[in-house]
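Trainee: Handing you this structure, nothing more for now.
Residue numbers (our numbering): 1 to 274.
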């Protein structure tokens, strides 16, 4: 798989279609994001997250690419994308965080079925991919297990999970679709600073509301959480509600925007249509 991807990216460089290619790199035993500036660099630690295929090591590359395109508005770039990266880019486009999609060339790879099942990924492949095999989508199993509990038991379960939070902001920082310049979770009036654990359940329910109609189900929040809170299950449950009530599936290509992607009138005012 890795040779197929490298040869494809080399062709993009040789044909002058991209200035750089954002992907992963193996560096001293760690997998890190890296912007390759020429085909010769691809021979220096180029990685798909594993030695030969899409592996467990990942990074929110879409967030990095959003900043690259903003800082260099004239050039075109390529990016290595899995299914979750593809969905993240689609959402960033919908929320106007990437304004020139024609300057971004996606090089897609499909995740292996074992990885897809372990992450309960419903779409472990991008819309277009050049390497890997299309794996069967997983289900909402973890969500269904919690939803099977009665309301009181569910509340008890989540309050117990949230109590372990150390407010490290890892879930927010790693999220590829968290892009606000001013974060609500840092507003002292809502989330008092210096309090550990944060007020339960305000911190996590606030973030869950923000993830409604936006979460692309990448599971990075759960992977980075030092308290091992199953945050992805929480956001996945919220996404399920949005899908059932509005028919909106986050991250799928198309012009339809999230039903929550709007600005309403200020409090105390009526709209022009009232």
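Yeah, the Cβ is synthetic: ideal placement off N, Cα and C, and Gly gets one too. Computed from a predicted model, the values in this text were never measured in an experiment.
Mapping the DSSP letters down to three states, classify residue 267 as helix, strand or coil.
Mentor: Against the chain shown, residue 267 aligns to sequence position 267. The pLDDT assigned to residue 267 is 45, lower than 50, so where the model puts this residue is not dependable, and the model offers no usable value.
Trainee: Of the choices 69, 112, 81 and 105, whose alpha-carbon is the least far from that of residue 99?
Mentor: Position 99 of the chain shown, counted from the start, is the residue given in the question as residue 99. The candidate whose alpha carbon is nearest that of residue 99 is 69.
Trainee: Going by DSSP in three states, residue 197 sits in which element: helix, strand or coil?
Mentor: The residue labelled residue 197 in the question sits at position 197 within the chain shown. Three-state DSSP puts residue 197 in coil, outside helix and strand.
Trainee: What do you get for residue 47, buried or exposed, if any count of 16 or more other CB atoms within 10 angstroms of its CB means buried?
Mentor: By 1-based counting over the chain shown, the position of residue 47 is 47. That one is buried.
Trainee: In whole angstroms, what separates the C-alpha of residue 33 from that of residue 180?
Mentor: Taking the first residue of the chain shown as 1, we reach residue 33 at position 33. Taking the first residue of the chain shown as 1, we reach residue 180 at position 180. Using only the alpha carbons, I get a separation of about 22 Å.
Trainee: For residue 154, which of 259, 234 and 31 has the nearest alpha-carbon?
Mentor: Against the chain shown, residue 154 aligns to sequence position 154. Minimum Cα distance to residue 154 is reached at 234.
Trainee: Assign residue 160 to buried or exposed, taking buried as 16 or more other Cβ atoms, counted over all protein chains shown, within 10 Å of its Cβ.
Mentor: Counting from one through the chain shown, the residue named residue 160 turns up at place 160. With fewer than 16 other Cβ atoms within 10 Å, it is exposed.
Trainee: In or out: residue 43 buried (at least 16 other Cβ within 10 Å) or exposed?
Mentor: In the chain shown, counting from the first residue as 1, residue 43 sits at position 43. So residue 43 counts as exposed.
Trainee: Restricting to runs no shorter than 3 residues, where is the beta strand (DSSP E) found entirely within the segment 68 to 154?
Mentor: For the segment 68 to 154, whole beta strand (DSSP E) runs of length 3 or above, ordered along the chain, are 77 to 81 and 104 to 108.
Trainee: CB-CB under 6 Å to residue 148, same chain, minus the five flanking residues each way: which ones, in chain order?
Mentor: The residue you call residue 148 lines up with position 148 of the chain shown. So the list is empty, once near-sequence residues are dropped.
Trainee: Should residue 37 go down as buried or exposed, given a rule of 16 or more other Cβ atoms within 10 Å for buried?
Mentor: Numbered from its first residue, the chain shown carries residue 37 at position 37. Flag for residue 37 reads exposed.
Trainee: Count the other CB atoms within 10 Å of the CB of residue 123; is the residue buried (16 or more) or exposed (fewer)?
Mentor: Here residue 123 refers to the residue found at position 123 of the chain shown. It is buried - the Cβ of residue 123 has at least 16 other Cβ atoms within 10 Å.
Trainee: Checking 8 Å against the spacing of the C-beta atoms, do residue 146 and residue 129 come in under that value?
Mentor: Here the question's residue 146 lines up with position 146 in the chain shown. Here the question's residue 129 lines up with position 129 in the chain shown. Cβ distance not < 8 Å, so residue 146 and residue 129 don't count as in contact.
Trainee: Report all residues from its chain with a CB closer than 8 Å to the CB of residue 269; omit the five preceding and five following residues, and keep chain order.
Mentor: By 1-based counting over the chain shown, the position of residue 269 is 269. Caution is warranted here: a pLDDT of 39 is assigned to residue 269, below 50, making its placement in the model unreliable, and the coordinate value is therefore given only provisionally. Contacts found: none.
Trainee: From residue 11 to residue 22, what does the alpha carbon distance come to, in whole angstroms?
Mentor: The count along the chain shown starts at 1 and reaches residue 11 at position 11. The count along the chain shown starts at 1 and reaches residue 22 at position 22. In a straight line, the C-alpha of residue 11 is about 15 Å away from that of residue 22.
Trainee: Determine the direct distance from the alpha carbon of residue 143 to that of residue 237, and round the result to whole angstroms.
Mentor: Position 237 of the chain shown, counted from the first residue, corresponds to residue 237. Position 143 of the chain shown, counted from the first residue, corresponds to residue 143. Distance between the alpha carbons of residue 237 and residue 143 is about 6 Å.
Trainee: Which runs of the beta strand (DSSP E) at least 3 residues long sit entirely within the segment 186 to 258? Give them in chain order.
Mentor: You should have found no qualifying run.
Trainee: Buried or exposed for residue 217, please, with buried defined as at least 16 other CB atoms from any protein chain shown within 10 angstroms of its CB.
Mentor: For this step, residue 217 is matched to residue 217 along the chain shown. Counting Cβ neighbours within 10 Å, residue 217 comes out buried, since at least 16 surround it.
Trainee: Contact defined as beta carbons within less than 8 Å: I believe residue 221 pairs with residue 239. What is the distance between those atoms, to the nearest angstrom?
Mentor: Here residue 221 is taken as the residue at index 221 of the chain shown, counted from 1. Here residue 239 is taken as the residue at index 239 of the chain shown, counted from 1. Not quite, the Cβ-Cβ distance comes to about 13 Å (not below 8 Å), so this is no contact.
Trainee: In the DSSP assignment, what residue or residues form a beta bridge with residue 33?
Mentor: For the purposes of this step, residue 33 is taken as the residue at position 33 of the chain shown. Residue 33 pairs with 24.
Trainee: Would DSSP call residue 179 helix, strand or coil?
Mentor: Here residue 179 refers to the residue found at position 179 of the chain shown. Three-state result, residue 179: coil.
Trainee: Hey, quick one: how far does the alpha helix (DSSP H) through residue 14 stretch, first residue to last?
Mentor: As a first step, residue 14 must be located in the chain shown, where it is residue number 14. First-last of the alpha helix (DSSP H) with residue 14: 2 to 14.
Trainee: May I have the straight-line CA-CA distance separating residue 245 from residue 26, to the nearest angstrom?
Mentor: The residue given as residue 245 occupies position 245 in the chain shown. The residue given as residue 26 occupies position 26 in the chain shown. Near 43 Å, if we compare the C-alpha coordinates of residue 26 and residue 245.
Trainee: According to the neighbour-count rule (16 or more other Cβ atoms, all chains shown, within 10 Å of its Cβ), is residue 166 buried or exposed?
Mentor: For this step, residue 166 is matched to residue 166 along the chain shown. Exposed, by the Cβ-count rule.
Trainee: Please classify residue 57: does DSSP put it in a helix, a strand, or coil?
Mentor: Sequence index remark: in the chain shown, residue 57 carries index 57 (1-based). Coil.
Trainee: Determine the direct distance from the alpha carbon of residue 219 to that of residue 118, and round the result to whole angstroms.
Mentor: Numbered from 1 along the chain shown, position 118 holds the residue referred to as residue 118. Numbered from 1 along the chain shown, position 219 holds the residue referred to as residue 219. Taking the straight line from one Cα to the other gives about 10 Å.
Trainee: Please classify residue 101 as buried or exposed, where buried requires at least 16 other C-beta atoms within 10 Å of its C-beta.
Mentor: Locating residue 101 in the chain shown gives position 101, counting from the first residue. Classification of residue 101: exposed, given that the 10 Å Cβ count is below 16.
Trainee: Based on the DSSP output, what are the partners of residue 46 in its beta bridges?
Mentor: Start at 1 with the first residue of the chain shown, and residue 46 comes out as number 46. According to DSSP, residue 46 bridges with 25.
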